[in-house]
Amino acid sequence: MKNIAVIGAGTMGNGIAHTFAQSGFNVQLIDISEASLKRGMDTIAKNLDRMVAKEKISASDKTETLEKITTFTNTEEGVKNADLVVEAATENIDLKLKIFKQLSEICNENTILATNTSSISITQIAAVTSRPDKVIGMHFMNPVPIMKLVEIIRGYNTSDDVTSTIMELSKTLGKVPTEVNDYPGFVANRILMPMINESIETLYNGVAGVEEIDTVMKLGMAHPMGPLQLADFIGLDVCLSILNVMYDGFKNPKYAPCPLLVNMVMAGKLGVKSGEGFYDYAESRKAEKVAGQFLK
């Protein structure tokens, strides 16, 4: 396996492209927007610069990594000769189904189709293709170049050969692949999102403030980041989307999103990416200042 196509040049997509390229793979990075591709490549270059500054890689390693990545706005051209396609588009089921239907029609019959979805059914995605045995989940963690875990999610029809191939491939990236079955939220988000949602409920009910909730979880449970800060980092819109997928999938009220989360997303308070969530990021991307609406 030498040629990897990555669909989506956003946070996850450029991180996945960076990781594969740094491991010696030829990467075709695809996005419908030239501007998004430029931002994605700029991000990869900046992240590589940080690694050079920390002496984790050399300047020549940076150059070689960037040279391994080619950008495309045309999907059919971008996936040509790909051994593996990793979809990292927005967490929207309709968009993903559209992408996979197209990939099934234009990719070589032996190409494995993977999705970086954090919660959407692999089985449902695979069902719109003519190769459900070759569709699998590769749920990378953010930031991709740093985080070791990759959740490998088998759909109902994913073959043993494809699963073992992707498990071994993930190891060559320096990752720790963990195989899980296809249920809403998989493992990571099935456990994480209810915790984040309960933290938001705790704030919503006036039990404690933003900093107090995060402090309890950081100092009491040894979490490196408080759940409200983590929600801001993930994106409150992404958290809401994942909770809705689990609520729809399980029909269990414990997964119902907190009204405060729903209102914040509707108001455009999405966390770090919008400049405000539970914390105010106008002056710093670090969670140093609680958002005005939550100040006592």
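Heads up, the sequence shown is in this note's numbering, so the first residue is 4 and it goes up one at a time. Every residue, glycine too, gets a C-beta built ideally from N, C-alpha and C.
The three-state reading of DSSP puts L69 in helix, counting H, G and I together. The shortest CA-to-CA distance from M228 to any of N208, S202 and L298 is the one to S202. Contact between A117 and V88 holds, with the beta-carbon distance rounding to 7 Å and staying under 8 Å. A8 and T93 have their C-alpha atoms spaced approximately 16 Å apart.
The alpha carbon of E79 has as its nearest neighbour, out of E108, S277, S122 and C261, the alpha carbon of E108.
The DSSP assignment places complete alpha helix (DSSP H) segments of no fewer than 4 residues inside the region 207-270 at 213-218, 230-237, 239-253 and 262-269, in order along the chain. Annotation: D240 to G223 spans about 27 Å, alpha carbon to alpha carbon. Inclusion of L152 and K174 in the CB contact set at 9 Å is not warranted, their separation being larger than that value. Assignment of alpha helix (DSSP H) within the region 41-103, counting only whole runs of 4 or more residues, yields 62-70 and 78-81 in chain order. The Cβ-Cβ distance between G274 and I237 falls below 9 Å. Note on geometry: alpha-carbon atoms of T66 and F103 lie some 32 Å from one another. Excluding the 5 residues flanking it on each side, A290 has same chain C-beta neighbours closer than 6 Å at Q232 and Y282, in chain order. The three-state reading of DSSP puts V275 in helix, counting H, G and I together. M249 is not a Cβ neighbour of M170, given a cutoff of 9 Å.
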